[in-house]
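Before any comments, here is the structure.
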Ligand code: COA
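Now the structure itself:
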């Protein structure tokens, strides 16, 4: 029943509300055939599921097909940041601690930094990596939220009030605000989570300051852990995860959202909050949390991890909307662009395996691998697919975070902490190119009606 009954409204008002719900449903329904008749690009896709071209970017390239004898064929996915294959970037960062900071520099300024440029950039970010006691006390600690994406969004919107020049949409001002957000978001996310645990789970509240000698990945672990300690592999894995989540083209839902709102001329805090709203959705960044919840359910329903028939039956139950959240989606599977593989998933999976060996959790890792294979087969059997289906970046990220001791509530905020680099680069690209306001068309398919006076209307 509706929340309204919780507000202790009378039974009569409850019935009125139920009637309004029915009318709302009926009024919102559109004949599905009209979408075909008017050739509507639903989800901004063409009839083959390909995204319609709505912009140009030099920030990143998401590749999923190759040309074989003039024919377009599905291929293993590749992701390029400013022309560099992200796999090469991660291999290149192997012995360095600031992979995420280096990638952020690349995304924002279009080139790989020299050692001096990187040092100076890291210094700038570190200088901004603080939150005033007043902000922590008056904003982060107040009205704590069970969902940390909403908490993050609220805090970022409130940063507007602490900015002496919040509305100017010029390159220097937007860059300044972007760097501040990149530096501050890890603190806001960790502190919001700690405050919520304190007020709702009676945990002791510890606010650890960032260590100015540490990278962003190291600081997230340091600030989260009661003893502030972590291993080199743990910090490396989190740094790689941040790089892999930092950017993904202009068409992904949260980045496109940023383009849309930026094109209206709004401020950086509003644009970022809008992107966070989008990323929270379970079909986008929120999928990493859903994957973890789905696996918790799998462990309960299929205690024998090796029983492939039981796992398949469970996955088919998900697709038939009979089990788990009844959405019909196997989270962590599928992608709007990738076909044979998502390169971010491939890389994260290799780190998940390494970490599971270090932590004695290989049985758990093998369950994920098995479900990945069986889910791909089940979706192919049960759905109308435009292209091959593969696991996406969210499939293993939750497993990785859980092995790093990161609480589930922070899975999607970690995605946001990384993706702020990409959102900022795209917002700046939109500002630099002074794009037209984004305004696609919606066709009206209702009818025009004559106004009727209140007293003359019929019905209950
Ligand atoms: N579970 C069940 N069905 C799926 C699916 C999944 N994980 N992924 C795709 N499908 C279905 C689609 O619903 C669609 O069916 P329909 O034609 O009957 O509507 C069909 O397969 C083709 O989908 P496709 O065009 O390849 O994907 P999309 O662009 O519509 O959706 C996602 C892409 C990512 C939204 C979708 O794969 C999804 O919801 N995945 C689960 C959530 C997730 O992991 N999101 C993180 C993305 S990084």
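In my numbering, the protein residues as written are 60 to 519.
Heads up, the beta-carbon is just placed ideally off N, CA and C, and yes, glycines get one too.
These numbers were taken from a predicted model, which means no experiment stands behind them.
Going along the chain, which residues of its own chain have a beta-carbon closer than 8 Å to the beta-carbon of residue i, five neighbours each way excluded?
i, result
"residue 343", "311, 312, 313, 337"
"residue 101", "94"
"residue 160", "177, 180, 181, 184, 274, 275"
"residue 105", "111"
"residue 322", "489, 494, 495, 496, 497"
In chain order, what residues of the same chain have a beta carbon less than 6 Å from the beta carbon of residue i, not counting five sequence neighbours either side?
i, result
"residue 244", "476, 479"
"residue 120", "139"
"residue 504", "93"
"residue 396", "121, 123"
"residue 145", "138"
"residue 298", "158, 159, 276"
"residue 413", "none"
"residue 215", "328, 331, 332"
In this structure, how does DSSP classify residue i when only helix, strand and coil are distinguished?
i, result
"residue 122", "strand"
"residue 315", "helix"
"residue 144", "strand"
"residue 171", "coil"
"residue 133", "strand"
"residue 399", "coil"
"residue 392", "strand"
"residue 80", "helix"
"residue 302", "helix"
"residue 309", "coil"
"residue 475", "helix"
"residue 268", "coil"
"residue 413", "helix"
"residue 459", "helix"
"residue 110", "strand"
"residue 512", "coil"
"residue 504", "coil"
Just the Cα atoms here: how many angstroms apart are residue i and residue j?
i, j, result
"residue 368", "residue 352", "21 Å"
"residue 279", "residue 472", "11 Å"
"residue 60", "residue 71", "With a pLDDT of 49 at residue 60, under the threshold of 50, the modelled position of this residue cannot be trusted; read the value that follows with caution. Answer to the nearest angstrom: the Cα atoms are 14 Å apart."
"residue 466", "residue 518", "53 Å"
"residue 391", "residue 217", "32 Å"
"residue 291", "residue 200", "31 Å"
"residue 118", "residue 363", "45 Å"
"residue 149", "residue 129", "32 Å"
"residue 141", "residue 262", "44 Å"
"residue 500", "residue 88", "19 Å"
"residue 422", "residue 246", "34 Å"
"residue 193", "residue 221", "10 Å"
"residue 158", "residue 73", "55 Å"
"residue 346", "residue 508", "43 Å"
"residue 204", "residue 512", "45 Å"
"residue 162", "residue 305", "8 Å"
"residue 529", "residue 403", "Past the edges of the chain, shown from 60 to 519, lies residue 529, and the structure says nothing about it."
"residue 172", "residue 339", "32 Å"
"residue 444", "residue 97", "23 Å"
"residue 387", "residue 393", "13 Å"
"residue 78", "residue 209", "31 Å"
Taking 6 Å as the cut-off, is the beta-carbon of residue i closer than that to any non-hydrogen atom of ligand 1?
i, result
"residue 442", "yes"
"residue 208", "no"
"residue 485", "no"
"residue 445", "yes"
"residue 394", "yes"
"residue 342", "yes"
"residue 138", "no"
"residue 103", "no"
"residue 346", "yes"
"residue 338", "no"
"residue 460", "no"
"residue 397", "no"
"residue 457", "no"
"residue 433", "no"
"residue 388", "yes"
Below 7 Å CB to CB, which residues in the same chain sit around residue i once its five sequence neighbours on both sides are set aside?
i, result
"residue 318", "114, 309, 485, 489, 497"
"residue 271", "185"
"residue 212", "332, 335, 336"
"residue 225", "219, 326, 328"
Are the C-beta of residue i and some C-beta of chain B separated by less than 7 Å?
i, result
"residue 320", "The chain inventory of the structure shown lacks chain B, comprising one protein chain alone."
Under the criterion of a Cβ to heavy atom distance below 6 Å, does residue i qualify as lining ligand 2?
i, result
"residue 453", "Among the ligands in the structure shown, ligand 2 does not appear; only ligand 1 can be found there."
(message) Three or more C-beta pairs under 8 Å: does that hold for the segment 230 to 247 against the segment 325 to 333?
(response) yes
(message) Contact between the segment 216 to 235 and the segment 249 to 261 is defined here as three or more beta-carbon pairs at a separation below 8 Å; is this criterion met?
(response) no
(request) Take every Cβ of the segment 356 to 373, pair it with every Cβ of the segment 404 to 418, and state whether three or more of those distances are shorter than 8 Å. (result) no
(request) Indicate whether the contact test is met: 3 or more Cβ pairs, each with one atom in the segment 183 to 199 and one in the segment 256 to 271, closer than 8 Å. (result) yes
(message) Check whether the segment 375 to 395 and the segment 352 to 361 touch, using three or more Cβ-Cβ pairs below 8 Å as the test.
(response) yes
(message) Quick test of the definition: if touching needs 3 or more C-beta pairs under 8 Å, does the segment 419 to 431 touch the segment 449 to 459?
(response) yes
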